[in-house]
Structure formats: C-alpha cells, structure tokens
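Visitor: Numbering (our numbering), first residue to last: 4 to 303.
Backbone N, C-alpha and C define an ideal beta-carbon position, used for all residues, glycine too.
These figures come from a predicted structure and were not determined experimentally.
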Amino acid sequence: MKQLLILITIFSWALCSSAQEKGKVKTVEASYLYEIPANLSLEQAKRIALVKAQNDAIESEFGLTVGSVNVTGVTNINGQSSTSFHSMTSDQVRGVWLGDVNEPKFERVMENGRDFLKVTVKGKIRELVAAGVEFDAKPLRRHPDKGDEATTFKSGDDFYLYFQSPVDGYLTVFLFDIQSNQVFSLLPYQSSGKGSFAITHDKEYYLFSETKAGPEDGAVDELTLTCADENTEEYNDLYVIFSPNNYAKISSKVGQQKLTDTLIIPSSLSYKEFNAWLTKYQQKDEQMQVKRIPIRIENN
Numbered sequence: 004m005k006q007l008l009i010l011i012t013i014f015s016w017a018l019c020s021s022a023q024e025k026g027k028v029k030t031v032e033a034s035y036l037y038e039i040p041a042n043l044s045l046e047q048a049k050r051i052a053l054v055k056a057q058n059d060a061i062e063s064e065f066g067l068t069v070g071s072v073n074v075t076g077v078t079n080i081n082g083q084s085s086t087s088f089h090s091m092t093s094d095q096v097r098g099v100w101l102g103d104v105n106e107p108k109f110e111r112v113m114e115n116g117r118d119f120l121k122v123t124v125k126g127k128i129r130e131l132v133a134a135g136v137e138f139d140a141k142p143l144r145r146h147p148d149k150g151d152e153a154t155t156f157k158s159g160d161d162f163y164l165y166f167q168s169p170v171d172g173y174l175t176v177f178l179f180d181i182q183s184n185q186v187f188s189l190l191p192y193q194s195s196g197k198g199s200f201a202i203t204h205d206k207e208y209y210l211f212s213e214t215k216a217g218p219e220d221g222a223v224d225e226l227t228l229t230c231a232d233e234n235t236e237e238y239n240d241l242y243v244i245f246s247p248n249n250y251a252k253i254s255s256k257v258g259q260q261k262l263t264d265t266l267i268i269p270s271s272l273s274y275k276e277f278n279a280w281l282t283k284y285q286q287k288d289e290q291m292q293v294k295r296i297p298i299r300i301e302n303n
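As structure tokens, this is what we get:
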C-alpha cells in the first residue's frame, strides 16, 4: 500500500520584527487602470479595481513581503520511504489599508475599443511589521453549516456567519449597503448593550443562528438578505472586525426600525462615519484585523 504524508512549513521572514516596533502610518494617493472583463458587471469591476488601487498604493510606499512555503512529501512503498522537498515563494503587500481620506473616484475610459475603469484612491495605510491573528470567517447561505459557504445570495435567503479564532478576543460585524451608502450594525446583537462580541479561542461560532447559539450569547438576531423589487441585483460589503484587545463599536446614528413584530431593520450609520471610526481605531490598535467580504444579492 502506498502512503503519502505531506508536511507543510510556512516562513515569512520579512514580517519578523520586535514586539515593540510600530508600523508607520502614511497618507497615500494612487490611480489604477483596470480593464473590465466582458463577464463582469460594472459594480464587480469597481470592487476589484478598488482593491488593486489600494494594494498599488501600499506597494509603492512599503513594498512587498517575500515569503516561502516549503512542502515536504514522504512516500512509503512496501516499507521503503523516500522524501521530496519543494519550495514556493509568494508576494504580499507590506501594509494594510486603514481607511479612505477621500471617497474613491471611478472613471470609465474607452481606448482602442477596450473598456477600462480608472480608480483614484486617497487614504491612510499602515506598514505591517508583524503578522496579525489569522481568523476564519465564512458567510453562510440558508443554513448554519460550513458546507453552505457563499458570497452570492437570493433575495429572501437567510444569512449566517461562521467564525473561529485561534485566540480569545472581541468581534464586531457590519454590512455596508453600497446603494444606500449606509452601514448596518449586525454584531453584537441589537439588544446586547455591549460594544463587541466576546470570542473564545478555537470555538466554532455560527452567528445569527438561534439554534446554534450558547446561553451566554443572549438574544440572537436572525438575518434575511433582501433585494429591492426594482433591482435585479445588489452589492454589499461584509466587514468582519476582530481584535484580541477589547474595543467598542461605533454608535449607530439611526436606531433599529421595527417593520413588524418579528421583522426589524438593524441600526445604522453613514459609510463616512463608519470609515472614520475604523481608520482611527486601526491606528490605535495594530492587532485589529479587518476582513472585507463582498456579498451579492440576486432578485428571484
């Protein structure tokens, strides 16, 4: 019988630094020209171009982090073993986009029959001098199960979020509705009265599910994603924000709106207010990690 054992070791030497060293914070500006593929909508192209422009600005200021992944394979055939070794390199920008100073500007450009999108960004960035906490966050469609991970939803689908962290910490979750320019506060739950949601290391969380919640979670908000009748699709950004340090979310400017006895619209604030808070907090807390996940909602 043939047995194959794969051992993976990851090194990222360019990020090694003393715990006391702080990453520099800079204000940067950049423009990026992105050719729109025929199979993408304009909104999808805007999201991709925006990330590319931000990464281009970070790379110009702080450069790239060079890392390597070493893969060792041990093969055992009839008691005789042999070892193979393979090394791969990978590049990553050496910084993080903290937030916008000005709202991104988009311009459609046609050149020789080719369709381009020019995006201009100005924002604050921070140099990465140490690796942050690698947490796991997955949006789930219709069922609180890891097998139902999705970023495209149908209007009326229930929404859940899987989360796991290797360390204790504090979590907040927001949903940015691009069309209304409003940011909805999803976690901590609406009735909790707390600034963030406490996370226990290595525990698997299925957030927004009453059936999988623990007694310590309190009253759970269950979520349904909807698309306005006049739209064929809508785009949102899910912001999952985690830190091992205790922190409090920004206060909402618009309180929750009760539509029926069981249906409410979560409390919200403008994107400008949210962006200013997030930019400021990330400068204070270098261990804060932000994962932005694009969400697409289709009308049935």
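Is the region 195 to 211 touching the region 221 to 232, taking contact as three or more C-beta pairs under 8 Å?
Guide: Judged by Cβ distances under 8 Å, the region 195 to 211 makes contact with the region 221 to 232, as three or more pairs qualify.
Visitor: By the DSSP assignment, the beta strand (DSSP E) with Asn105 in it spans what residues?
Guide: Along the sequence shown, read from residue 1 onward, the residue named residue 105 stands at position 102. Note, Asn105: beta strand (DSSP E), Gly98 to Glu114.
Visitor: Please give me, in chain order, every unbroken run of the beta strand (DSSP E) with length at least 3 that falls completely inside the region 165 to 203.
Guide: Listed in chain order, the complete beta strand (DSSP E) runs (minimum 3 residues) inside the region 165 to 203 are 172 to 180, 185 to 190 and 200 to 202.
Visitor: Rounded to whole angstroms, what is the Cα-Cα separation between Lys157 and Ile181?
Guide: On the sequence shown, residue 157 is found 154 positions in, with the first residue counted as 1. On the sequence shown, residue 181 is found 178 positions in, with the first residue counted as 1. Those two C-alpha atoms are separated by around 17 Å.
Visitor: Could you tell me whether the Cβ atoms of Ile244 and Val293 are closer together than 7 Å?
Guide: Locating residue 244 in the sequence shown gives position 241, where the first residue counts as 1. Locating residue 293 in the sequence shown gives position 290, where the first residue counts as 1. Yes, the pair counts as a contact, with Cβ atoms nearer than the cut-off.
Visitor: State the start and end residues of the unbroken beta strand (DSSP E) segment that holds Ser63.
Guide: To locate residue 63, count along the sequence shown from 1; it is residue 60. Taken as a continuous stretch (DSSP letters only), Ser63 belongs to no beta strand (DSSP E), being part of the alpha helix (DSSP H) at Leu45 to Phe65.
Visitor: With DSSP collapsed to three states, give me the class of His89.
Guide: Within the sequence shown, numbered from 1, the residue matching residue 89 stands at position 86. Because His89 sits at a pLDDT of 41, beneath the cut-off of 50, its placement in the model cannot be relied upon, and the following sentence gives the value as read from the coordinates. DSSP places His89 in strand when its eight states are reduced to three.
Visitor: For Tyr250, list the residues DSSP reports as bridge partners.
Guide: Taking the first residue of the sequence shown as 1, we reach residue 250 at position 247. Bridge partners of Tyr250: none, in fact.
Visitor: Whole angstroms is fine: what's the gap from Phe179's alpha carbon to Leu101's?
Guide: Within the sequence shown, residue 179 is the residue found at index 176, counting from 1. Within the sequence shown, residue 101 is the residue found at index 98, counting from 1. About 16 Å.
Visitor: Give the DSSP-derived three-state secondary structure of Leu308 in the structure shown.
Guide: No information on residue 308 is available, as it lies outside the stretch 4 to 303 that the chain covers here.
Visitor: Using 10 angstroms around the beta-carbon of Asp232, count the other beta-carbons present and answer buried if the total reaches 16, otherwise exposed.
Guide: In the sequence shown, counting from the first residue as 1, residue 232 sits at position 229. The residue in question, Asp232, is exposed, as its Cβ has fewer than 16 Cβ neighbours within 10 Å.
Visitor: Quick one: residues in its chain with C-beta nearer than 8 Å to the C-beta of Asn248, no 5 flanking neighbours on either side, listed in chain order?
Guide: Translated into the one-based positions of the sequence shown, residue 248 becomes position 245. Correct list, in chain order: Gly172, Tyr173, Asp288, Gln290 and Met291.
Visitor: Taking the C-alpha atoms as reference points, what is the distance between Thr2 and Val132?
Guide: The chain is shown only over 4 to 303; residue 2 falls outside these bounds and no answer can be derived.
Visitor: From the DSSP output, in three-state form, read off Leu32 for me.
Guide: The residue given as residue 32 occupies position 29 in the sequence shown. The identity of residue 32 in the sequence shown is Glu, whereas the question assumes Leu. Glu32 falls in the strand class under three-state DSSP.
Visitor: If we ignore side chains and look at the alpha-carbon of each, how far apart do Phe162 and Asn115 end up?
Guide: If you number the sequence shown from 1, residue 162 lands on position 159. If you number the sequence shown from 1, residue 115 lands on position 112. Distance between the alpha carbons of Phe162 and Asn115 is about 43 Å.
Visitor: Strictly by DSSP, which residues pair up with Glu301?
Guide: By 1-based counting over the sequence shown, the position of residue 301 is 298. DSSP output for Glu301 lists Lys157 and Glu236 as bridge partner(s).
Visitor: At the level of alpha carbons, what is the spacing between Leu228 and Val176?
Guide: The count along the sequence shown starts at 1 and reaches residue 228 at position 225. The count along the sequence shown starts at 1 and reaches residue 176 at position 173. Straight-line Cα distance between these residues: approximately 15 Å.
Visitor: Beta-carbon within less than 8 Å of Ala153's beta-carbon, same chain only, minus the 5 sequence neighbours each way: which residues are those?
Guide: Along the sequence shown, one-based indexing puts residue 153 at 150. Once the five neighbours on either side are set aside, the close Cβ partners of Ala153 are Pro142, Leu143 and Arg144.
Visitor: Leaving out the 5 sequence neighbours to the left and right, which residues in its chain are closer than 8 Å to Thr214 when beta-carbon positions are compared?
Guide: Within the sequence shown, numbered from 1, the residue matching residue 214 stands at position 211. Counting only Cβ-Cβ distances below 8 Å, and skipping sequence neighbours, we find Pro147.
Visitor: Are there 16 or more other CB atoms within 10 angstroms of the CB of Ile128, so buried, or fewer, so exposed?
Guide: As a first step, residue 128 must be located in the sequence shown, where it is residue number 125. Classification of Ile128: buried, given that the 10 Å Cβ count is 16 or more.
Visitor: What's the call for Gln260, buried or exposed, on a 16-neighbour Cβ count within 10 Å?
Guide: Within the sequence shown, numbered from 1, the residue matching residue 260 stands at position 257. Label assigned to Gln260: exposed.
Visitor: Based on Cα-Cα distance, which residue from Ala251, Val31 and Ala201 lies nearest to Asp103?
Guide: Taking the first residue of the sequence shown as position 1, residue 103 is located at position 100. Nearest option by C-alpha distance: Val31.
Visitor: So Ala48 packs on Val124, CB below 8 Å; how close in whole Å?
Guide: The residue labelled residue 48 in the question sits at position 45 within the sequence shown. The residue labelled residue 124 in the question sits at position 121 within the sequence shown. Rounded, the Cβ-Cβ distance is 15 Å, inconsistent with contact.
Visitor: On the CB-based measure, 16 or more other CB atoms within 10 Å of its CB, does Asn239 come out buried or exposed?
Guide: For this step, residue 239 is matched to residue 236 along the sequence shown. Asn239 should be labelled buried.
Visitor: For Arg111 and Ile39, what's the separation of their Cα atoms in angstroms?
Guide: In the sequence shown, the residue the question calls residue 111 occupies position 108. In the sequence shown, the residue the question calls residue 39 occupies position 36. C-alpha separation (whole angstroms): 10 Å.
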